[in-house]
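A quick write-up on the structure given underneath.
Number of protein chains: 2
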Amino acid sequence: MKSVTLKDVAKAAGVSYATVSRALSGSPQIGSDTRERIIKLCDEMGYTTNYVARSMVMKKTDLIGLVVPSIDNQFMSELAYYAEMSARAHGYNIMLCNSGPDLKQEKTVVKILLGRQVDGILIVPQSPKTYENIKAYTDQVPTVFVSENLRDQPQSYVAADNSRGTYIGTKYLYDLGHRDILYFGRRHSTTHQLRAEGYMKACQELGLKQRFYNSEYSRSSIAHGYEMAKELFSHPIDYTAVFASTDSNALGLLKAADEMHISIPDQLSLIGFDNISATSLPRLELTTIEQPKRNMAIQAVDMLRDKIENGTQGYVHQILLPTLIKRSTCRAL
Amino acid sequence: MKSVTLKDVAKAAGVSYATVSRALSGSPQIGSDTRERIIKLCDEMGYTTNYVARSMVMKKTDLIGLVVPSIDNQFMSELAYYAEMSARAHGYNIMLCNSGPDLKQEKTVVKILLGRQVDGILIVPQSPKTYENIKAYTDQVPTVFVSENLRDQPQSYVAADNSRGTYIGTKYLYDLGHRDILYFGRRHSTTHQLRAEGYMKACQELGLKQRFYNSEYSRSSIAHGYEMAKELFSHPIDYTAVFASTDSNALGLLKAADEMHISIPDQLSLIGFDNISATSLPRLELTTIEQPKRNMAIQAVDMLRDKIENGTQGYVHQILLPTLIKRSTCRAL
DNA sequence: TCAGGAGTCGCAAACGTTTCCACTTTTTTG
DNA sequence: CAAAAAAGTGGAAACGTTTGCGACTCCTGA
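So the sequences go chain by chain: A and B. Using our numbering, read the first sequence as starting at 1 and increasing by one per residue. Using our numbering, read the second sequence as starting at 334 and increasing by one per residue.
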């Protein structure tokens with residue numbers, strides 16, 4: 001269990017441990033013969049440099065804190081995957097924290113991460129209030145937000161262009177011949193407000209009537225989409241397509257439609273948003289708008305690295321374009 | 334960016350920094366009046382203890398390395414969720430690594446984790462060869478494996494009782510009246526061998542004929558399940574139920590069945606394994622065997638903590654019972 | 001022969017903690 | 001009331017590394 005230190009290999013090599021350190025770090029001020037000898041010896045003795053000691057003197061941990069509401073969520077786990085890959089490729093490691101159900105938890109984990117001396121924090125906010133919640137810490141360490149739109153805040157973030165996503169989607173529906181399109185789902189939270197706006201903008205441009213259906217406290221879940229849709233379908237259906245603010249809600253609506261024998265897409269076209277993995281499943285095949293998760297993750301760690309390594313001040317808002325994924329829940333009229 | 338240290342608050346409080354350290358750590362050998370004064374001061378000055386310095390002297394990082402083939406995977410992200418929660422509740426943080434596509438990557442990240450001085454490692458193996466692959470490191474740090482069955486290896490692990498899972502499932506099918514049950518999918522890798530064994534045992538006890546269908550290099554994916562199933566259905570269907578070794582494969586089979594107008598469950602009952610989240614989706618509703626992921630995660634970190642904190646030697650094999658989730662792809666004959 | 005420079009290498013400080021030991025002050029006890 | 005015990009505090013070492021600076025060796029050229 002006792003690991004071998006610099007001092008150990010120094011002793012074995014008959015040099016000072018400064019020399020060993022330099023040999024490993026590729027310092028130019030060292031003989032190439034001794035360097036090789038030492039490197040070989042390190043290998044034999046199974047020496048690996050102790051990162052916590054190193055961090056101590058370098059005042060840099062090469063650690064990035066990743067805080068997500070809960071990693072057990074398609075969007076976030078996918079994001080985490082690419083973030084970790086990209087970070088590691090650049091010599092960083094990821095410290096993972098679930099910011100749990102409430103803001104208190106979120107603040108706690110950020111505090112922990114600070115104590116751990118992470119070089120930067122990547123956070124996907126759990127609510128629009130997150131910014132205020134951790135404001136006190138974001139100036140102590142480079143931070144970039146992912147996926148929640150902080151528009152007016154002086155904070156770096158990368159996000160999908162939600163507004164453009166719904167715009168593209170309704171345009172697609174229009175081109176398919178639909179003239180009565182219902183927007184279904186959440187409208188509060190910045191993200192969902194933007195999605196609604198994209199729909200509204202498209203309607204305006206195309207001369208369509210804007211029609212919304214949502215309950216005040218709607219959440220993005222299949223169960224809730226189902227409940228909402230059952231309520232919705234109890235009224236006459238005087239629209240030919242619905243744009244769900246979220247894939248989960250769309251899936252819930254799908255379930256309700258099945259039960260009520262409303263055929264999708266024959267009677268009703270349906271389009272969602274997020275491209276969660278479930279949408280590509282057999283029997284589902286939901287047409288949707290994809291958030292470019294891979295790019296978001298990569299851009300986010302790039303931004304963070306820039307802040308860390310170059311000390312870049314200020315902030316940048318990186319907006320990525322979503323794309324339409326055509327599957328089989330929409331049909332031409 | 335410059336954070337406040339022990340020395341800073343010591344100066345402000347007019348005491349030595351040993352005293353401040355003691356006040357914070359709740360040492361008994363300190364006056365309760367000075368303790369309160371110091372704690373209040375720390376709060377005001379926004380002091381948080383530097384964990385890397387602390388780790389240095391304590392020779393303990395309170396860090397657990399979590400290595401998974403890829404976090405963007407239902408099973409693993411869910412596992413990671415519970416593991417992180419449980420770990421943090423006990424004062425540990427999680428360092429996340431994807432062990433990537435190959436064994437080389439897996440070895441690399443384990444090495445990194447060792448350099449980071451993690452107190453322990455939680456690893457879900459990417460292949461049966463994982464054990465051999467990282468053998469050299471597992472005796473340098475407490476390690477527990479998750480979900481791959483290392484039966485004969487002197488290594489701690491927690492896993493679902495795969496064999497029992499398939500046993501329960503086929504028994505269920507039998508009780509429903511099925512007498513011709515086909516086992517569909519992978520059979521190599523320890524896990525899947527065990528699953529196959531459970532099916533075989535049930536068949537033996539119940540006097541059923543064992544029937545297998547699989548391709549040599551089958552993987553657990555919907556696409557592959559689909560391909561296999563198309564091939565399968567090109568032969569006459571002289572069985573009334575199929576047990577898929579994996580939910581993903583089951584879903585692929587479902588898709589093929591739909592295309593060939595084979596009705597499930599009317600013509601064919603279907604049962605999967607894993608209870609991935611997709612199985613509970615509308616239109617799918619796959620009957621399956623659930624791995625108790627939450628329990629697995631919690632047990633795993635408990636085992637690891639025991640090794641870390643109590644220096645427990647030896648190894649334990651923790652086998653958890655899977656449960657049958659009845660949904661709508663099975664019907665009584 | 002020797003000054004001086006290039007090329008190597010060692011010494012020691014520093015990073016921010018925790019904790020052992022010693023020391024001072026206060027309290028208890030005989 | 002003196003001595004011993006207890007309580008509270010400070011000094012300093014230690015953890016394993018990086019790196020500035022000084023020192024040493026060796027060689028070149030005058």
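Using N, Cα and C, we set each Cβ at its ideal position, and we do this for glycine too. None of the values given here were measured: they were computed from a predicted structure.
Using CA atoms only, rank isn't needed, just tell me which of A:E36, A:P322 and A:C330 is closest to R164 (chain A). When each option's Cα is compared against that of R164 (chain A), the closest is A:P322.
Practice problem: Compute the Euclidean distance between the alpha carbons of S563 (chain B) and A83 (chain A), then round it to the nearest angstrom. | Solution: For clarity, residue 563 (chain B) is Lys in the given sequence; the question names Ser instead. If you take the alpha carbons of K563 (chain B) and A83 (chain A), they lie about 37 Å apart.
Just reading off the alpha helix (DSSP H) that R638 (chain B) is part of, what are its end residues? For R638 (chain B), the enclosing alpha helix (DSSP H) covers residues K626 to N643.
Using Cβ-Cβ distances below 9 Å, what residues of the region 76 to 89 of chain A are close to chain B? M76, S77, E78, L79, A80, Y81, Y82, E84, M85 and R88
C203 (chain A) beta carbon less than 7 Å from that of S269 (chain A)
no
Query raised in the report: Among the residues of its own chain, which have a CB less than 7 Å from the CB of Y505 (chain B), if the five just before and after it don't count?
Result: L657
| said: Short of 6 Å in beta carbon distance, which residues of its chain neighbour C375 (chain B), apart from the five on each side in sequence? Order them along the chain. | reply: V342
Anyone know if the C-beta pair for A633 (chain B) and V477 (chain B) falls short of 7 Å? yes
Given 8 Å as the limit, is there contact between the region 639 to 652 of chain B and the region 607 to 625 of chain B, that is, 3 or more CB pairs closer than that? Segments in contact, no.
Please compile the residues from chain B whose C-beta is within a distance smaller than 8 Å of the C-beta of A53 (chain A). M389
Given V400 (chain B), which residues of its chain have a CB within under 6 Å of its CB, disregarding the five upstream and five downstream residues? C430, S432, V442 and I456
Considering only the alpha carbon of each residue, which of B:S460, B:S610 and B:I609 lies closest to L483 (chain B)?
Among B:S460, B:S610 and B:I609, the Cα nearest to that of L483 (chain B) belongs to B:S460.
Please compile the residues from chain B whose C-beta is within a distance smaller than 9 Å of the C-beta of S3 (chain A).
L447, Q450 and Q473
Interface flag, R616 (chain B) vs chain A, CB-CB below 7 Å = yes
* **Beta bridge counterpart(s) of E623 (chain B) as assigned by DSSP** => B:D607 and B:T656
Inset, instruction - Answer with buried or exposed for Q313 (chain A), where buried requires no fewer than 16 other C-beta atoms within 10 angstroms of its C-beta. - result: With fewer than 16 other Cβ atoms within 10 Å, it is exposed.
Cβ neighbours of I597 (chain B) in the same chain (closer than 7 Å, five flanking residues each side left out): L587, A590, L603 and T662
Practice item. Could you please give me the residues that DSSP links to M58 (chain A) through a beta bridge? Key: Answer is none; M58 (chain A) lacks a bridge partner.
Q. Exposed or buried, what is D599 (chain B) when buried is set at 16 or more other beta-carbons lying within 10 Å of its beta-carbon?
A. exposed
- Item | CA-to-CA distance, V118 (chain A) to E106 (chain A), given in whole angstroms | 16 Å
Worksheet item: Any C-beta of chain A sitting closer than 7 Å to the C-beta of T645 (chain B)?
Response: no
- Report the rounded CA-to-CA distance for H192 (chain A) versus G453 (chain B), giving the unit in angstroms. 41 Å
Whether A278 (chain A) touches A611 (chain B) by CB criterion (7 Å):
yes
Between the alpha carbons of S220 (chain A) and I514 (chain B), how many angstroms are there, rounded? 39 Å
**Report entry** Span of the alpha helix (DSSP H), counted from its first residue to its last, around Y137 (chain A)
**Finding:** T130 to T138
Review point. Exposed or buried, what is P125 (chain A) when buried is set at 16 or more other beta-carbons lying within 10 Å of its beta-carbon?
Key: With 16 or more other Cβ atoms within 10 Å, it is buried.
Practice prompt. List the residues of chain A that L584 (chain B) touches, going by C-beta distances under 7 Å, in chain order.
Written response: Within chain A, the residues near L584 (chain B) are L281 and P282.
What do you reckon, are the CB atoms on V479 (chain B) and V491 (chain B) nearer than 7 Å? yes
Listed by chain order, chain B residues near K60 (chain A) by CB distance under 9 Å
Within chain B, no residue comes near K60 (chain A); the closest Cβ sits about 10 Å away, beyond 9 Å.
Have a look at H423 (chain B) and R520 (chain B) and give me their C-alpha separation to the nearest angstrom. 38 Å
Next item on the list: Tell me the start and end of each unbroken beta strand (DSSP E) in the region 415 to 483 of chain B that is at least 3 residues and wholly inside, in chain order.
Entry: 426 to 431, 453 to 456 and 476 to 479
Exercise. Cα separation between I319 (chain A) and I168 (chain A)?
Worked result: Counting only the Cα atoms, I168 (chain A) lies some 15 Å from I319 (chain A).
Margin query: What residue range does the alpha helix (DSSP H) around V348 (chain B) cover?
Written below: Taken as a continuous stretch (DSSP letters only), V348 (chain B) belongs to no alpha helix (DSSP H), as it is neither H nor E.
Between the Cα of Q486 (chain B) and the Cα atoms of B:G585, B:R660, B:L666 and B:H650, which residue gives the shortest distance?
B:H650
field: beta strand (DSSP E) segments (min. 3 residues) lying fully within the region 180 to 205 of chain A
entry: 181 to 184
inquiry  = If I measure Cβ to Cβ from Q210 (chain A) and keep anything under 7 Å in the same chain, skipping five residues before and after, which residues do I get?
reply    = M200 and C203
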